[in-house]
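Residue numbers (the working numbering): 71 to 232.
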């Protein structure tokens with residue numbers, strides 16, 4: 071506020087000096103000084119309006135940033151849930167937890183599981199005797215594809231075939 075009062079006093083002094091000048095050429099620098107000081111005064115007087123406009127702009131930008139942040143947090147939560155779900159599927163497929171395994175080791179282990187299952191499928195399709203099928207059943211159990219030892223026998227007993 072003091073600066074505004076000081077500029078107003080300087081403007082008044084420059085005007086009086088311009089009016090008191092003997093000729094128009096002598097008054098020219100004083101009128102230029104008046105114009106410059108009036109422009110500076112307008113900038114200072116507009117400051118509360120500028121501050122309000124800047125505050126509103128910053129408030130809008132902050133609100134938009136908050137919306138972006140909350141959307142990003144929702145995406146992170148969703149992706150985190152999906153990662154957990156995929157880790158559980160992979161852990162179930164490879165038969166061990168995925169914690170601490172590098173992507174290369176995971177890929178190698180998944181390929182190994184795929185090859186084992188392909189060999190099991192080939193063995194089942196080539197089995198010609200009941201003993202061969204029983205062997206393939208034991209292989210499947212060892213791979214963790216059959217959880218309980220008597221799973222098929224219990225199912226047959228429930229159906230009345232056992």
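Ideal Cβ positions, reconstructed from N, Cα and C, are used throughout, including at glycine.
Since this is a predicted model, take the numbers as computed values, not measurements.
* Asked: For residue 213, does the three-state DSSP call read helix, strand or coil?
  -> In the chain shown, the residue the question calls residue 213 occupies position 143. Here residue 213 sits in coil by DSSP.
* Backbone secondary structure at residue 91 - three-state DSSP -> Position 21 of the chain shown holds residue 91. Reduced to three states, the DSSP call for residue 91 is coil.
* **Cα-Cα separation, residue 88 to residue 74** => As a working note, residue 88 is residue 18 in the chain shown. As a working note, residue 74 is residue 4 in the chain shown. About 21 Å.
* **Stretch-stretch touch, CB-based, cutoff 8 Å, three pairs: the stretch 190-197 with the stretch 157-176** => no
* Output yes or no for whether 7 Å exceeds the beta carbon distance between residue 104 and residue 81. => For this step, residue 104 is matched to residue 34 along the chain shown. For this step, residue 81 is matched to residue 11 along the chain shown. Cβ distance < 7 Å, so residue 104 and residue 81 count as in contact.
* To do: Give the DSSP-derived three-state secondary structure of residue 166 in the structure shown.
  => As a first step, residue 166 is located in the chain shown; it is residue number 96 there, counting from the start. In the structure shown, residue 166 sits in coil (DSSP, three-state: anything other than H, G, I, E or B).
* Asked: Are residue 49 and residue 164 close, meaning C-beta to C-beta below 7 Å?
  -> Nothing about residue 49 can be reported from this structure: the residues present for the chain run from 71 to 232 only.
* Which two residues bound the contiguous alpha helix (DSSP H) that contains residue 177? -> The sequence position of residue 177 within the chain shown is 107, counting from 1. Start and end: 173-196.
* **Helix, strand or coil at residue 117 according to DSSP, with G and I counted as helix** => Walking along the chain shown from the start, residue 117 turns up at place 47. Note: residue 117 maps to helix in three-state DSSP.
* Asked: In this structure, does DSSP put residue 199 in helix, strand or coil?
  -> Position 129 of the chain shown holds residue 199. Here residue 199 sits in coil by DSSP.
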